[in-house]
Structures are given as structure tokens and as C-alpha cells.
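For reference, the structure is listed below as C-alpha cells.
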Amino acid sequence: MRASYELYRPRWYRRRMPIFWWLRKGSYVWFITRELTSLAVGYTAAMMVAAVWALGRGEAAWAGFTGALASPLVVAFHALVLAVLLFHTLTWLHLAPKAMVVRLGARRVPDGAILVGHYLGWAAASALVAWALLGG
Amino acid sequence: MATPTTSAPAPVKRSNEPFFWLLFSSGGTLAALLFPALAAILLVASPLGWVSLPPHGELLAGLGNPLVRVALWVLVALSLFHWAHRFRFTLYDGLQLQHLWGLIATVCYGGAAVLSLVAAWVLATMG
């Protein structure tokens, strides 16, 4: 909604919305929580940059980094971050059947099948991460 | 040869919104698939001692593969632009800040771009 100058434009009617409009209803709170998962995604990306940086600086820097991660407050915060990331994953995967309509011949692939496919993809990706980090 | 009678169509005002939406959606998908496992192992399970990471040298050797570095950079950069796009609209709608349109877009996309460049620099100059 960008305001720009127009000749003879009538005055806009705008109802003032309170800043905390999204606290009024459970579904609004749900919506804003889902949108705020982007903070956990951005944070995790930044932490990965920090981890790679510490790794590249040498063994002492890496020990300092992992030591800082082990402090109880940091672990508690990261458990919260993990919960928010899981919320992002679940809401994102459950959007998939609504976003894609797959047809096999004349029949539409049911939503449940698309969802199961995405969950399998998530399991495979998680296994790949675990293998790359721990099992290599 | 006949001269063309139709003139060029009027220029269509193109929006850059689809481009940022593409970054948002691919970053959201990659983060949805990979971040819970990454965060669970690196940020929670390993600090708690539930699993043990390979020693420093082994991890560094893993990142010695240029393909791994490029994949990691793509993951980081797309996730950052996912954050930028989604958080931008959370600010507009959630906090009713539509009048700060340009400023918020600059801070969000600019922040993601700067951190992506930092990530590229870190990955290119390490070890």
C-alpha cells in the first residue's frame, strides 16, 4: 500500500487498527506466531555462519564457541529456537498440499499422499544432516 | 518489405515482488527440511552431551570440499532472505507500519544481503 499523489483523489477511509490487533482472537495469535518463526530461521542461519567462522579460526576458537553453547541459559534459549523451527516445519509442510495440485491422469493426488511425501522428504533430509554431522 | 504496423506494447510496470517471494519460498522449504535437525544436533543435543561431534580437524576437513561450502552458503543465504521477506510483512501488518514501507524493506533485505556476503567471505577465506 504505497501512498502516492493523485489528482482529485477522494480522501481514503482508513479505520485505525490498534497495534495489538492480533491478540484479539486465537486464530490471529496463531497467524502471527507462524509468521514470527522467520526470526528462528534467520537466527539459525546466523548461528551457522558463526559456527563456520569459529571452525575456521582454529581449535581454540572452536572450543570457545562450543563452550559458550553449553551454558545452561544458552541451551534453554536454543531449545526454544528448536521448538519454533519445528513449528515452522510443520506449518510449512501442511501448506504444501494446498499450494500444489498434483494430477495423475484424470485423478487428483489426495492431500494426504502429498503430505506423507513431504514428511518422508523431511525424514530423509534430517537423516542426511545427522549422517553428515555425526556419522561421516 | 512492409513496415510493422503495430507499435511496441506499452511498458508494463514490473514488480520485484515475485523475485523476493521466490527467495522466501525456497529458503522456507530448505529451512523447513534441514534446520530442525541442524539445530537439534548443533545447538541442543551436542551442548547437552547427548551426541558428540567429530573433532575440530574432521569438521574442518568436511568443509574443505568446495561443494559442501557452496551448498552451505546457498542454505544460509536463502534462509536469510526467507527471514527478510516474512519479517518485513510481519512488521507491516503486525505492527501497522505500512507507512515505513521503504525503510523496512531496505533494513530487511539489506540485512540479509550483508549477512550473506559475510557468510561468503567466511566460507571463502577459512582454514
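Sequence lines, in order, name chains B and Z. Heads up, the first sequence is in the numbering used here, so the first residue is 580 and it goes up one at a time. Heads up, the second sequence is in the numbering used here, so the first residue is 1000 and it goes up one at a time. Backbone N, C-alpha and C define an ideal beta-carbon position, used for all residues, glycine too.
List, in chain order, every chain B residue whose beta-carbon is nearer than 8 Å to that of THR1028(Z). Numbered from its first residue, the second sequence carries residue 1028(Z) at position 29. Neighbours of THR1028(Z) on chain B, chain order: TRP671.
Under 8 Å between C-beta atoms of VAL654(B) and LEU1047(Z): On the first sequence, residue 654(B) is found 75 positions in, with the first residue counted as 1. On the second sequence, residue 1047(Z) is found 48 positions in, with the first residue counted as 1. Judged by beta-carbon spacing, LEU1047(Z) lies within the 8 Å limit of VAL654(B), meaning their Cβ atoms are closer than that value.
May I ask you to report which of helix, strand or coil DSSP gives LEU652(B)? Taking the first sequence and counting its residues from 1, the one referred to as residue 652(B) is at position 73. Correct three-state label for LEU652(B): helix.
Since TRP1082(Z) and ALA1119(Z) are thought to touch, with beta carbons under 8 Å apart, how far apart are those beta carbons, to the nearest angstrom? Residue numbering aside, residue 1082(Z) sits at position 83 when the second sequence is read from its first letter. Residue numbering aside, residue 1119(Z) sits at position 120 when the second sequence is read from its first letter. Their Cβ separation, rounded to whole angstroms, is 17 Å, which puts TRP1082(Z) and ALA1119(Z) out of contact at 8 Å.
For TRP601(B), return the contacting residues in chain Z, with the cut-off set at a CB-CB distance below 9 Å. Taking the first residue of the first sequence as 1, we reach residue 601(B) at position 22. Simply ASP1092 and GLY1093.
Check whether the Cβ of THR612(B) lies closer than 8 Å to any Cβ atom in chain Z. The count along the first sequence starts at 1 and reaches residue 612(B) at position 33. False, the Cβ-Cβ gap to chain Z never drops below 8 Å.
Is it a yes or a no for the segment 592–603 of chain B touching the segment 1087–1105 of chain Z, going by three-plus beta-carbon pairs under 8 Å? yes
Cβ pair LEU634(B), LEU1059(Z) closer than 8 Å: Locating residue 634(B) in the first sequence gives position 55, counting from the first residue. Locating residue 1059(Z) in the second sequence gives position 60, counting from the first residue. In this structure, LEU1059(Z) lies closer than 8 Å to LEU634(B) by Cβ.
So with Cβ pairs under 8 Å, would you call PHE1086(Z) a contact of chain B? As a working note, residue 1086(Z) is residue 87 in the second sequence. Yes, because at least one Cβ of chain B sits closer than 8 Å to the Cβ of PHE1086(Z).
For ARG682(B), three-class secondary structure by DSSP: Mapped onto the first sequence, residue 682(B) falls at position 103. The answer is strand: DSSP assigns ARG682(B) an E or B state.
Name the residue from VAL1075(Z), GLU1057(Z), LEU1099(Z) and GLY1027(Z) whose alpha carbon lies nearest to the alpha carbon of ARG1085(Z). Looking up residue 1085(Z) in the second sequence gives position 86. Taking only the C-alpha atoms, the option nearest ARG1085(Z) is GLY1027(Z).
Touching or not, the segment 636–650 of chain B and the segment 1099–1118 of chain Z, by the rule of three or more beta carbon pairs under 8 Å? no
Best match in ALA629(B), HIS673(B), LEU694(B) and MET596(B) for proximity to VAL1117(Z) [C-alpha to C-alpha]: Along the second sequence, read from residue 1 onward, the residue named residue 1117(Z) stands at position 118. If we check each option's Cα against that of VAL1117(Z), ALA629(B) comes out closest.
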